[in-house]
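Protein chains: 2
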Amino acid sequence: MQPVACQLLAAARARGHIGPVFGAGAPRDGVGLARQRHTVTISQVAEAAGVARSSVSRAFTRPHLLRPDTVERIKAAAARLGYVPNHSARALSTGLYGNLAMIVPDVANPFFPPMIRAAQDAADDLDFCVLLGNSNEDPANEDRLVGKFVAQTEGLILASSRLPRKRILDHAQRRPIVLINRDVEGIPRVLIDSASGVAQAVAHLAERGHRTIAYVSGPASSWSDKSRRAAAEKAAARLGVTLITLPARIPSFEAGRDVTDVLIGTEASAAIAFDDLTAHGIMEGMMAHDRAIPGDFAIVGCDDVLANLTRPPLTSISSRSQEAGQLAVSLLCELLRSRSVKDARIVLDTQLVVRQTS
Amino acid sequence: MQPVACQLLAAARARGHIGPVFGAGAPRDGVGLARQRHTVTISQVAEAAGVARSSVSRAFTRPHLLRPDTVERIKAAAARLGYVPNHSARALSTGLYGNLAMIVPDVANPFFPPMIRAAQDAADDLDFCVLLGNSNEDPANEDRLVGKFVAQTEGLILASSRLPRKRILDHAQRRPIVLINRDVEGIPRVLIDSASGVAQAVAHLAERGHRTIAYVSGPASSWSDKSRRAAAEKAAARLGVTLITLPARIPSFEAGRDVTDVLIGTEASAAIAFDDLTAHGIMEGMMAHDRAIPGDFAIVGCDDVLANLTRPPLTSISSRSQEAGQLAVSLLCELLRSRSVKDARIVLDTQLVVRQTS
DNA sequence: CGATGCCATGCAACCGGTTGCATGTCAACT
DNA sequence: AGTTGACATGCAACCGGTTGCATGGCATCG
Numbered sequence: 001m002q003p004v005a006c007q008l009l010a011a012a013r014a015r016g017h018i019g020p021v022f023g024a025g026a027p028r029d030g031v032g033l034a035r036q037r038h039t040v041t042i043s044q045v046a047e048a049a050g051v052a053r054s055s056v057s058r059a060f061t062r063p064h065l066l067r068p069d070t071v072e073r074i075k076a077a078a079a080r081l082g083y084v085p086n087h088s089a090r091a092l093s094t095g096l097y098g099n100l101a102m103i104v105p106d107v108a109n110p111f112f113p114p115m116i117r118a119a120q121d122a123a124d125d126l127d128f129c130v131l132l133g134n135s136n137e138d139p140a141n142e143d144r145l146v147g148k149f150v151a152q153t154e155g156l157i158l159a160s161s162r163l164p165r166k167r168i169l170d171h172a173q174r175r176p177i178v179l180i181n182r183d184v185e186g187i188p189r190v191l192i193d194s195a196s197g198v199a200q201a202v203a204h205l206a207e208r209g210h211r212t213i214a215y216v217s218g219p220a221s222s223w224s225d226k227s228r229r230a231a232a233e234k235a236a237a238r239l240g241v242t243l244i245t246l247p248a249r250i251p252s253f254e255a256g257r258d259v260t261d262v263l264i265g266t267e268a269s270a271a272i273a274f275d276d277l278t279a280h281g282i283m284e285g286m287m288a289h290d291r292a293i294p295g296d297f298a299i300v301g302c303d304d305v306l307a308n309l310t311r312p313p314l315t316s317i318s319s320r321s322q323e324a325g326q327l328a329v330s331l332l333c334e335l336l337r338s339r340s341v342k343d344a345r346i347v348l349d350t351q352l353v354v355r356q357t358s
Numbered sequence: 001m002q003p004v005a006c007q008l009l010a011a012a013r014a015r016g017h018i019g020p021v022f023g024a025g026a027p028r029d030g031v032g033l034a035r036q037r038h039t040v041t042i043s044q045v046a047e048a049a050g051v052a053r054s055s056v057s058r059a060f061t062r063p064h065l066l067r068p069d070t071v072e073r074i075k076a077a078a079a080r081l082g083y084v085p086n087h088s089a090r091a092l093s094t095g096l097y098g099n100l101a102m103i104v105p106d107v108a109n110p111f112f113p114p115m116i117r118a119a120q121d122a123a124d125d126l127d128f129c130v131l132l133g134n135s136n137e138d139p140a141n142e143d144r145l146v147g148k149f150v151a152q153t154e155g156l157i158l159a160s161s162r163l164p165r166k167r168i169l170d171h172a173q174r175r176p177i178v179l180i181n182r183d184v185e186g187i188p189r190v191l192i193d194s195a196s197g198v199a200q201a202v203a204h205l206a207e208r209g210h211r212t213i214a215y216v217s218g219p220a221s222s223w224s225d226k227s228r229r230a231a232a233e234k235a236a237a238r239l240g241v242t243l244i245t246l247p248a249r250i251p252s253f254e255a256g257r258d259v260t261d262v263l264i265g266t267e268a269s270a271a272i273a274f275d276d277l278t279a280h281g282i283m284e285g286m287m288a289h290d291r292a293i294p295g296d297f298a299i300v301g302c303d304d305v306l307a308n309l310t311r312p313p314l315t316s317i318s319s320r321s322q323e324a325g326q327l328a329v330s331l332l333c334e335l336l337r338s339r340s341v342k343d344a345r346i347v348l349d350t351q352l353v354v355r356q357t358s
């Protein structure tokens with residue numbers, strides 16, 4: 001690392017944890033953030049334009065109440081002075097923040113960025129700002145983030161929430177919440193029903209002659225994982241093939257690679273993984289053990305985030321994460337308008353995308 | 001799509017664009033967002049605890065000013081009522097928002113998520129919330145987002161900003177700004193110096209006997225692109241190899257694949273691409289034309305976001321996006337503390353990572 | 001020409017915390 | 001016992017917009 005960088009980081013570390021800058025019950029002594037330099041306020045614009053403060057306010061929020069030339073004059077003065085409305089003041093008096101929050105387990109997991117993007121674009125269309133949180137797959141952390149965000153957002157979107165049901169219900173009582181890939185009755189939710197795709201995958205593998213199939217699972221608290229596993233078991237039972245389940249804690253390339261050793265010791269000749277990352281790890285693991293894919297071992301991923309990136313291209317189950325992100329925002333707005341669509345449950349079904357690993 | 005989803009989206013569309021909910025100069029008539037249900041305020045806690053409002057405030061922000069048992073009593077009352085401090089009110093009176101904003105060209109471009117995550121984790125440590133923006137590679141949009149965010153953040157991080165220099169300087173005058181991968185004098189910046197890696201790549205390719213090398217460029221307004229191209233030209237000149245440059249507008253798999261047709265018509269036997277996505281597109285394009293990689297054509301990517309995902313694994317130039325994200329936050333905090341580190345310029349050098357496409 | 005009413009604007013209270021200053025209490029010290 | 005001062009708490013102004021109500025001007029109508 002460059003010396004400057006080191007120095008700065010060291011300085012930051014040394015001082016950084018003096019105390020939080022903000023947050024519920026946080027003392028702010030000794031942090032010494034410089035207060036924002038004096039900004040232009042509505043009063044200064046009023047004075048410059050020779051009108052009352054309220055007229056300036058109206059010029060921006062309800063211009064039809066003022067004479068057009070007055071609006072013009074005020075806006076000109078505002079522009080000249082570089083006036084920007086103070087968000088907090090406005091939020092305080094209107095009770096509206098203009099913010100939404102979105103919390104995901106891991107921003108860097110390729111499943112989420114497209115979803116985040118879609119949600120953000122949708123929010124942006126409605127002129128909301130998006131606060132993004134990263135729970136790091138940790139319920140306690142997720143809970144903390146919700147606490148941080150509720151104080152400045154109209155509502156929250158929790159994607160693949162790892163929170164206990166009870167906590168979600170608690171939070172939902174304070175602020176509108178929409179869930180993605182988590183099924184809690186009474187809370188509006190958008191579910192990507194990978195179960196349908198998983199069932200297709202099992203059928204597909206059975207058809208190719210596989211008699212024992214492994215399901216390599218994901219996070220225990222994940223609704224998606226539960227639903228995928230259940231679908232796999234059900235389909236297997238119906239088709240008379242054996243299904244075994246292997247755990248792979250946090251979904252990642254490494255987790256998949258590590259589980260391969262166990263996988264090789266089983267009867268399974270094919271695996272369905274919780275997600276594409278895990279599947280890819282298994283692919284590499286198998287190849288490292290000189291197993292040909294799909295000749296010796298077939299693999300199906302989930303969420304289809306890698307598509308043709310792998311060699312051979314990975315068979316996977318389509319995900320509709322972008323639609324989910326967008327719908328979650330729509331749903332949240334609906335919820336904000338009328339507190340009535342309480343129990344929406346939108347299900348997006350999925351398809352098996354056959355490529356060359358199966 | 002499911003009927004429910006359709007219906008909801010239709011409803012959202014129909015109503016959605018009545019007008020923005022918030023924002024500078026946005027009328028809020030007719031939107032009809034329900035005001036947040038009545039929340040517990042400091043006054044209610046004060047009454048419940050039998051103290052003045054100011055004491056409640058102090059119990060949370062400077063408890064050492066109060067007798068311990070009073071603090072206890074107040075906190076108990078607050079907890080019982082479910083009091084949560086109002087973020088806006090606090091921000092209004094202190095002038096501190098506790099928010100940072102980060103704007104990137106494209107959240108879904110795999111280069112950014114790790115950087116976003118690192119920045120977010122760093123901000124979280126300092127108890128800041130992060131507002132995320134997606135400029136969609138569009139300067140006008142980026143400008144608009146800055147405008148939306150300044151009103152509620154202490155400072156902004158612009159990653160790979162596409163804004164004209166002038167605009168950046170303007171914005172920096174209102175709010176502290178830190179840049180990532182954009183070099184504007186007077187604005188603190190963190191630069192991932194891919195030039196060093198690009199030079200290594202050219203040398204590496206020259207050594208393998210390539211006499212003509214193509215540089216497939218990225219966005220014209222990108223600092224990274226300019227610096228990579230310059231480094232490639234300089235290294236080529238020094239080593240006596242010919243360098244040709246081909247444009248590929250927005251970095252993506254498709255752009256890379258599309259440029260292949262042109263590439264094949266040139267003398268080049270190797271290419272360095274603006275990023276890994278483009279490189280991957282070129283790989284596929286070449287394979288579609290029955291060119292072997294690296295036998296017939298060598299390819300080097302940049303940013304190393306795909307690593308061993310491709311077949312054969314892509315030679316690339318390491319990026320240090322996570323460090324960059326983290327450093328940007330440190331730098332911004334530094335800037336907030338003392339308005340003095342005005343002209344920091346942190347450079348992170350990079351390395352060629354040789355895999356199997358070269 | 002005076003009454004009527006609409007329209008444009010101003011006034012002042014309010015949103016919910018924070019904070020400088022004033023006040024009151026009590027212990028310690030002369 | 002009286003003075004001093006530290007400490008705990010209350011009071012009220014303030015942060016910067018928003019908004020219900022009051023006011024004054026002007027055009028319209030009878």
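Protein chains in written order, with our numbering: chain A, 1 to 358; chain B, 1 to 358. Heads up, the beta-carbon is just placed ideally off N, CA and C, and yes, glycines get one too. Because the structure is a prediction, the values reported are computed rather than measured.
{"Asked": "Exposure of GLY25 of chain A, with buried meaning 16 or more beta-carbon neighbours within 10 Å", "Found": "Interpretation of GLY25 of chain A is limited by its pLDDT of 38, a score under 50 that renders its predicted location unreliable; no figure is taken from the coordinates."}
{"Asked": "Burial state of LEU65 of chain B (16 or more Cβ within 10 Å)", "Found": "exposed"}
{"Asked": "Residue from A:PRO114, A:ALA119, A:ASN109 and A:THR70 whose Cα sits closest to the Cα of LEU327 of chain A", "Found": "A:ALA119"}
{"Asked": "Inter-residue Cα distance where the pair is ARG117 of chain A and ILE192 of chain A", "Found": "17 angstroms"}
{"Asked": "Backbone CA spacing between GLN351 of chain B and GLN200 of chain B [nearest angstrom]", "Found": "7 angstroms"}
{"Asked": "Closer than 8 angstroms to chain A by CB, ILE116 of chain B", "Found": "yes"}
{"Asked": "Chain-ordered chain B contacts of PHE149 of chain A [CB-CB under 8 angstroms]", "Found": "CYS129"}
{"Asked": "As assigned by DSSP and simplified to three states, the class of ALA268 of chain A", "Found": "coil"}
{"Asked": "With 16 other Cβ atoms within 10 Å as the buried cut-off, status of GLY240 of chain A", "Found": "exposed"}
{"Asked": "Assigned secondary structure, ILE168 of chain B (DSSP; H/G/I helix, E/B strand, else coil)", "Found": "helix"}
{"Asked": "LEU156 of chain A beta carbon less than 8 angstroms from that of ARG175 of chain A", "Found": "yes"}
{"Asked": "THR310 of chain B - containing alpha helix (DSSP H), residue span", "Found": "Neither: THR310 of chain B is in no alpha helix (DSSP H) and is coded neither H nor E."}
{"Asked": "Sequence ranges, alpha helix (DSSP H) only - wholly within the region 225-311 of chain B, length at least 4", "Found": "253-264 and 276-288"}
{"Asked": "Own chain residues within Cβ distance below 6 angstroms of VAL56 of chain A, not counting five before or after", "Found": "ILE42, VAL45, ALA46 and ILE74"}
{"Asked": "CA-to-CA distance, GLY325 of chain B to SER316 of chain B, given in whole angstroms", "Found": "20 angstroms"}
{"Asked": "Distance, PHE111 of chain B Cα to SER217 of chain B Cα", "Found": "16 angstroms"}
{"Asked": "Test item: CB-CB of GLY285 of chain A and GLY256 of chain A under 8 angstroms", "Found": "yes"}
{"Asked": "8 angstroms contact criterion, which PRO294 of chain B and ALA151 of chain A should meet: CB distance rounded", "Found": "About 55 angstroms separates the two Cβ atoms, so there is no contact after all."}
{"Asked": "Local Cβ density within 10 Å of PRO164 of chain A, reported as buried at 16 or more and exposed below that", "Found": "exposed"}
{"Asked": "Contacts of THR310 of chain B in chain A (Cβ-Cβ under 9 angstroms)", "Found": "LEU309, THR310 and ARG311"}
{"Asked": "Short CB-CB distance (under 8 angstroms) between LEU300 of chain A and chain B", "Found": "In the sequence as displayed, the identity of residue 300 of chain A is Val instead of Leu. With 8 angstroms as the cut-off, VAL300 of chain A does not count as an interface residue toward chain B."}
{"Asked": "Beta-carbon contacts of HIS87 of chain A that lie in its chain and below 6 angstroms, excluding the five residues immediately before and after", "Found": "none"}
{"Asked": "Start-end ranges of the beta strand (DSSP E) lying completely within the region 64-147 of chain B, minimum 3 residues", "Found": "99-104 and 129-134"}
{"Asked": "Cβ of ALA5 of chain B within 8 angstroms of any chain A Cβ", "Found": "Note that ALA5 of chain B has pLDDT 41, beneath the 50 cutoff, so the model's placement of it is unreliable and the number below is only indicative. Yes, its Cβ sits closer than 8 angstroms to a Cβ of chain A."}
{"Asked": "Bounding residues of the alpha helix (DSSP H) (the contiguous stretch that carries VAL329 of chain B)", "Found": "321-337"}
{"Asked": "Rounded C-alpha distance that separates LYS226 of chain B from ALA248 of chain B", "Found": "13 angstroms"}
{"Asked": "Cross-strand partners of ARG345 of chain B (DSSP beta bridge)", "Found": "B:ARG189"}
{"Asked": "Beta-carbon proximity list for GLY82 of chain A, same chain, < 7 angstroms, skipping 5 on both sides", "Found": "VAL40"}
{"Asked": "LYS342 of chain B classed as buried or exposed, judged by whether at least 16 other C-beta atoms fall within 10 angstroms", "Found": "exposed"}
{"Asked": "Inter-residue Cα distance where the pair is ALA235 of chain B and LYS166 of chain B", "Found": "31 angstroms"}
{"Asked": "Nearest-angstrom Cα separation, counted from ALA91 of chain A out to GLY50 of chain A", "Found": "26 angstroms"}
{"Asked": "Contact list for ALA79 of chain A against chain B, beta-carbon separation under 7 angstroms", "Found": "Near ALA79 of chain A there are no residues of chain B at all, since even the closest Cβ is about 11 angstroms away, more than 7 angstroms."}
{"Asked": "Min CB distance THR357 of chain B to chain A below 8 angstroms", "Found": "no"}
{"Asked": "Chain B within 8 angstroms of PRO113 of chain A, Cβ atoms only", "Found": "yes"}
{"Asked": "For VAL216 of chain A, the residue or residues it bridges with in DSSP", "Found": "A:LEU246 and A:ALA273"}
{"Asked": "Extent of the continuous alpha helix (DSSP H) to which VAL56 of chain A belongs", "Found": "53-61"}
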